[in-house]
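> I have a structure here, written as structure tokens, and I will follow up with some questions on it.
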Amino acid sequence: MEPIAVAAGTTLVGALAGDGWPAVRAEVVAFWRRVRAGEADAVADDLAELRAEVLAARRAGDPELERALAEIWQRRFQELLRPDPGLAGELRSILEQHLTPALAPDEWADQDERPDRGR
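Below is the structure:
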């Protein structure tokens, strides 16, 4: 799997749990709209559901569920990149400019443990 897909899926889950989730959602949906316009509305709905699931997992203290959700989105990003690997640069930009900055401060430390963020 592309490292950028892994990093984006993992970071997305954390970013949606924070206060900046509307902007994160908007950026991911805009990316999807540029790549697969017909799927963008469904992705918007899926991201709202993902946020609810992540928040529930955190309330329940269930890191396994969070990891499972991250794996789902890692695969989704991978599938999006598969036909056009050149999109990895755009996804990297979204990761660096929108997803990572939306993480809660206590999650920034986890960035050191994540894959090389697609570099």
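Residue numbers (this note's numbering): 4 to 122. The C-beta atom is built at its ideal place from N, Cα and C for all residues, glycine as well.
#1: Under a three-way DSSP split, which group does residue 42 fall into?
#2: Let me know the secondary structure DSSP gives residue 93 once reduced to three states.
#3: For residue 82, is the classification buried or exposed, using 16 other Cβ atoms within 10 angstroms of its Cβ as the cut-off for buried?
#4: In the DSSP assignment, find the alpha helix (DSSP H) that holds residue 77 and state where it starts and stops.
#5: Taking the C-alpha atoms as reference points, what is the distance between residue 73 and residue 106?
#6: If distances are taken between C-alpha atoms only, which option among 8, 54, 49, 38 comes closest to residue 17?
#7: Roughly how many whole angstroms lie between the Cα atoms of residue 52 and residue 42?
#8: Report buried or exposed for residue 119, applying the criterion of at least 16 other Cβ atoms within 10 angstroms of its Cβ.
#9: Let me know if residue 89 comes out buried or exposed under the rule of 16 or more other beta-carbons within 10 Å of its beta-carbon.
#10: Considering only the alpha carbon of each residue, which of 91, 75, 68 lies closest to residue 34?
#11: Would you mind stating whether residue 19 and residue 76 have Cβ atoms separated by less than 7 Å?
In short:
#1: helix
#2: helix
#3: exposed
#4: 66-84
#5: 14 Å
#6: 54
#7: 15 Å
#8: Caution applies to residue 119, whose pLDDT of 40 falls short of 50 and renders its modelled position unreliable; the value that the coordinates give is listed next. By the neighbour-count rule (16 or more Cβ atoms within 10 Å), residue 119 is not buried but exposed.
#9: exposed
#10: 91
#11: no
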